[in-house]
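Structure first, then comments.
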Amino acid sequence: MPAIDAGISAATGGTCLGAAGVLYVADRLPWINRFAAKIRGPQIQVLLVLTASIGLVSTPAGRLINEATTAVDGFVDDLAGQWTGFGIMFALALAAVLWLLSDFMTGVQTRTLLLAAVAPPLTVMIPGTLGQAIATGLGFIATQVGSLVMWLMGG
Numbered sequence: 058m059p060a061i062d063a064g065i066s067a068a069t070g071g072t073c074l075g076a077a078g079v080l081y082v083a084d085r086l087p088w089i090n091r092f093a094a095k096i097r098g099p100q101i102q103v104l105l106v107l108t109a110s111i112g113l114v115s116t117p118a119g120r121l122i123n124e125a126t127t128a129v130d131g132f133v134d135d136l137a138g139q140w141t142g143f144g145i146m147f148a149l150a151l152a153a154v155l156w157l158l159s160d161f162m163t164g165v166q167t168r169t170l171l172l173a174a175v176a177p178p179l180t181v182m183i184p185g186t187l188g189q190a191i192a193t194g195l196g197f198i199a200t201q202v203g204s205l206v207m208w209l210m211g212g
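Next up, the structure:
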């Protein structure tokens, strides 16, 4: 089942990223941008990019990122302190998520799309068990979104 879940996650990520790209281009066309404003096109783009990033991070690559970060953190523990890597990555991930939420509520900018793409990998880079738990949770979300999309398409 893990291979199937990873495939669904990767397919969800690719599909969402493609749809976000189409909406991004459509939002800049003069005859479509009024319609895009009515359906909240920029917010939908952020959600699609966030889902794409979650889908791609929840593949085995996300687990490898977490394991590599945990290994580096273990190596640096002797030099910088036991909780340094955890604290730094947790602070960066929390700042990215809070900034993303703030931008999402006040007005979507290009920075918001970049934050949506970066926030899930930053959360997976939290070393240790917490980072692994977050990766598992993100994988569950991506699998559920992928299953919903398949169900909506009659699959």
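Note that our numbering has the sequence shown beginning at 58, numbered continuously upward. Here a beta-carbon is modelled for each residue, glycine too, at the ideal position from N, C-alpha and C.
Query	Result
Straight-line Cα distance separating Thr193 from Phe92	37 Å
Where Leu151 falls: helix, strand or coil (DSSP)	helix
Residue burial classification, Gln201 (beta-carbon count within 10 angstroms, cutoff 16)	exposed
Given Leu179 as reference, the closest of Thr167, Leu155 and Ala83 once Cα atoms are compared	Leu155
Per-residue burial, Met146 [other beta carbons within 10 Å of its own, 16 or more giving buried]	buried
Three-state class that DSSP yields for Met58 in the structure shown	For Met58, the pLDDT reaches just 48, beneath the cut-off of 50, and the residue's location in the model is therefore unreliable, although a value from the coordinates is still provided. Coil, per DSSP.
Pairwise C-alpha distance: Gly144 and Thr127	13 Å
Closest by C-alpha distance to Ile122, when choosing among Gln102, Gly64 and Pro177	Pro177
Beta-carbon proximity check, Ala77 vs Leu113, cutoff 9 Å	no
Backbone secondary structure at Gln189 - three-state DSSP	helix
Segment limits, alpha helix (DSSP H) that includes Ile101	Gly98 to Val114
Same chain, Cβ closer than 6 Å to Leu149, five either side skipped, listed in chain order	Leu179
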